[in-house]
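Be aware that the sequence shown starts at 5, since it is given in the working numbering, and climbs by one per residue. For each residue, glycine too, the CB sits at the ideal point set by N, CA and C. Quantities reported herein were computed from a predicted structural model and do not represent experimental measurements. Here is the structure we will look at.
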Amino acid sequence: MMGKEILARIFQPTRSEILPDGTKFISRSDVFDEWSRVRNEWILIRNGRAKSFKFHHTIYSGQEIRDRMEQVGFTGVKIYGSLDGEEYGLQSERLIAVGFKPVS
């Protein structure tokens, strides 16, 4: 997933690009609820017709995802910045959380 720390570094409220098939892609984003949620709108324009997709999602910092995993019973939770096990930090590309859930 993308952690809060990463999003804070790269966040752009609006961006656009032309996809390989010629479709215009416009993305508009807004961070709200004290940096805990992101509201997104994606607009695709193809052959003069536009389609809009709106969605929200929750964003977590490394510490927040660790806390939530431990609250539901995971142990030994480790946070990484890549699938290769790199340290998580501001320059990371991903937030990877690994933990163990004891067998009941």
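Problem set entry | Nearest-angstrom beta carbon gap, R70 and I49 [assumed within contact, 8 Å] | Rounded, the Cβ-Cβ distance is 41 Å, inconsistent with contact.
Exercise. Who are the Cβ neighbours of T79 in its own chain at under 6 Å, not counting the five residues just before and after it?
Worked result: F104
For this session: State buried or exposed for K3, treating a residue as buried only when at least 16 other CB atoms are found within 10 Å of its CB.
Result: Only positions 5 to 108 of the chain appear in the structure, and residue 3 is not among them; the question remains open.
Exercise. In three-state DSSP terms, what is R19?
Worked result: strand
For this session: Output the residue ranges of the alpha helix (DSSP H) runs that lie fully inside the stretch 27-64 and measure 4 residues or longer, sorted by chain position.
Result: none
Exercise. What did DSSP end up calling E91 once you bin it into helix, strand or coil?
Worked result: strand
Problem set entry | Residue range of the unbroken beta strand (DSSP E) whose run includes K82 | 79-84
For this session: For G66, name the three-state secondary structure that DSSP assigns.
Result: helix
Exercise. Considering only the beta carbon of each residue, do R32 and I14 sit closer than 9 Å?
Worked result: no
For this session: Buried or exposed for G66, please, with buried defined as at least 16 other CB atoms from any protein chain shown within 10 angstroms of its CB.
Result: buried
Exercise. Which residues in the same chain have their Cβ closer than 6 Å to the Cβ of F59, if we skip the five residues on either side of it in sequence?
Worked result: N44
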